[in-house]
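Below you'll find the structure, written out as structure tokens, and then a few comments.
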Amino acid sequence: MNFFTHPATVEGAPVRKFTDRASDPESNIVSRDSNVTRAYYSIGSVPNRIPGTKDLKGFFSFLSGLAWSFNLTSPRTYRGNLINYPDDGRHYKTPEEYLMNQLFPLPSQVGRNMEYVYEDYQIYFTLYLGYYEGQNVHFGVGPVYGLAFYRMDILQNDTRVSSVKNEVQDLKGLRVLFEYNIGQYFPDTILYNAYFFAEITSLGSMDGRGMQIRNQVTTANNLPAPSLYMTMTTYRFGVRKELQLSKEVHEKHEGPAYPPLKNLPSAGLPKKEGEAQTTSSETEDPG
Numbered sequence: 001m002n003f004f005t006h007p008a009t010v011e012g013a014p015v016r017k018f019t020d021r022a023s024d025p026e027s028n029i030v031s032r033d034s035n036v037t038r039a040y041y042s043i044g045s046v047p048n049r050i051p052g053t054k055d056l057k058g059f060f061s062f063l064s065g066l067a068w069s070f071n072l073t074s075p076r077t078y079r080g081n082l083i084n085y086p087d088d089g090r091h092y093k094t095p096e097e098y099l100m101n102q103l104f105p106l107p108s109q110v111g112r113n114m115e116y117v118y119e120d121y122q123i124y125f126t127l128y129l130g131y132y133e134g135q136n137v138h139f140g141v142g143p144v145y146g147l148a149f150y151r152m153d154i155l156q157n158d159t160r161v162s163s164v165k166n167e168v169q170d171l172k173g174l175r176v177l178f179e180y181n182i183g184q185y186f187p188d189t190i191l192y193n194a195y196f197f198a199e200i201t202s203l204g205s206m207d208g209r210g211m212q213i214r215n216q217v218t219t220a221n222n223l224p225a226p227s228l229y230m231t232m233t234t235y236r237f238g239v240r241k242e243l244q245l246s247k248e249v250h251e252k253h254e255g256p257a258y259p260p261l262k263n264l265p266s267a268g269l270p271k272k273e274g275e276a277q278t279t280s281s282e283t284e285d286p287g
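Residues 1 to 287 in UniProt numbering are what the sequence shown spells out, letter by letter.
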């Protein structure tokens, strides 16, 4: 998880910080402790083929290789530090001073440090442009589209300098999914249809600019801060088990859906009158 800004400009020319830690020349990372482990709940669906595309032939046959799924995550909270955002805290009076402050910001130990608390929950759909569904292996890759509902507080010296709540932002990204059928090794157990899955999801935007996060922070000269952007990459792995919520379709030519039980003990239950007469007549000796 990274927070970053795009390079500031002076008279239209981008200004690149010589001491910036970012490797991307089009962004300046301003967050610390970007690798965070969080446990959270997620409700979603397994990839499903698009209805009506299974038997397509000809030009539109490629649609049979598409699949979709949806996810809804529980709220997740992240804490970290913003370093030298939107500047290192030094005032400036001339464009030259501003340029020098941008080119040579103070080290993080003595520069401007703020703490952020970011919380969000997300709902999004994944359209797998390529989805392979083998007997025991599933693999898919495709774009993600959805919404993120977030709130963010920024504190400096234990004073809240920015607080936004109930904000909504478009969510875009990319997902790669791999599944392996481990239920084949447990055919007679409750895990008969369980799958091990590994999933990588990169969220932000499709153009790489990141998801814009609103805030109310000002510069050292009390001017509006440049926009803050965020990208998030999640890694999930675990075991999923399919649940059958509806009765499977049954064809008449397959025989009764639930065959009658045979050769079961009566457990002492009295026989019906008709059954008793039939049994006695069958056991009589005709001779």
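Using N, Cα and C, we set each Cβ at its ideal position, and we do this for glycine too.
Buried versus exposed call for serine 69 [16 or more other C-beta atoms within 10 Å across all chains shown]: Within the sequence shown, residue 69 is the residue found at index 69, counting from 1. By the neighbour-count rule (16 or more Cβ atoms within 10 Å), serine 69 is buried.
Please report how far the alpha carbon of phenylalanine 178 lies from the alpha carbon of tyrosine 124, in whole angstroms. Residue numbering aside, residue 178 sits at position 178 when the sequence shown is read from its first letter. Residue numbering aside, residue 124 sits at position 124 when the sequence shown is read from its first letter. Rounded to the nearest angstrom, the two C-alpha atoms are 19 Å apart.
I'd like to check one pair, proline 226 with threonine 77: are the Cβ atoms closer than 8 Å? Taking the sequence shown and counting its residues from 1, the one referred to as residue 77 is at position 77. Taking the sequence shown and counting its residues from 1, the one referred to as residue 226 is at position 226. With respect to the 8 Å criterion, threonine 77 and proline 226 are not classified as neighbours on the basis of their beta carbons.
Go through its chain and collect everything with a Cβ distance to tyrosine 85's Cβ below 8 Å, but skip five positions before and after it. Here the question's residue 85 lines up with position 85 in the sequence shown. Correct list, in chain order: Phe3, Thr5, Val30, Arg112, Met114, Val217, Ala225 and Leu228.
Please classify asparagine 136: is it buried, with 16 or more other beta-carbons within 10 angstroms of its beta-carbon, or exposed? Counted from its first residue, the sequence shown places residue 136 at position 136. With a threshold of 16 other beta carbon atoms within 10 Å, asparagine 136 falls short and is exposed.
Length of the line joining the Cα atoms of tyrosine 121 and serine 45: Taking the first residue of the sequence shown as position 1, residue 121 is located at position 121. Taking the first residue of the sequence shown as position 1, residue 45 is located at position 45. Whole-angstrom Cα-Cα distance: 17 Å.
Measure the C-alpha to C-alpha separation of tyrosine 41 and serine 74 and round it to an integer number of angstroms. Taking the first residue of the sequence shown as 1, we reach residue 41 at position 41. Taking the first residue of the sequence shown as 1, we reach residue 74 at position 74. Cα-Cα distance, rounded: 5 Å.
Starting from the C-beta of asparagine 215, find all residues in its chain whose C-beta is less than 8 Å away, skip the five residues before and the five after it, and write them out in chain order. The residue you call residue 215 lines up with position 215 of the sequence shown. Here the set comprises Met152, Ile154, Ser162, Val164, Ala225 and Leu228.
Leucine 127: which of Asp55, Ala67 and Gln184 sits nearest, CA to CA? Indexing the sequence shown from 1 puts residue 127 at position 127. Measuring from the Cα of leucine 127, the nearest candidate turns out to be Ala67.
Mark proline 107 as exposed unless 16 or more other C-beta atoms lie within 10 angstroms of its C-beta, in which case mark it buried. Position 107 of the sequence shown holds residue 107. Proline 107 comes out exposed.
Rounded distance between the beta-carbons of arginine 175 and threonine 201, thought under 8 Å: Here residue 201 is taken as the residue at index 201 of the sequence shown, counted from 1. Here residue 175 is taken as the residue at index 175 of the sequence shown, counted from 1. Contact flag correct, Cβ pair sits at about 5 Å.
Would you mind sorting threonine 219 into buried or exposed? The rule is 16 or more other CB atoms within 10 Å of its CB. Against the sequence shown, residue 219 aligns to sequence position 219. Its Cβ being crowded by 16 or more others within 10 Å, threonine 219 is buried.
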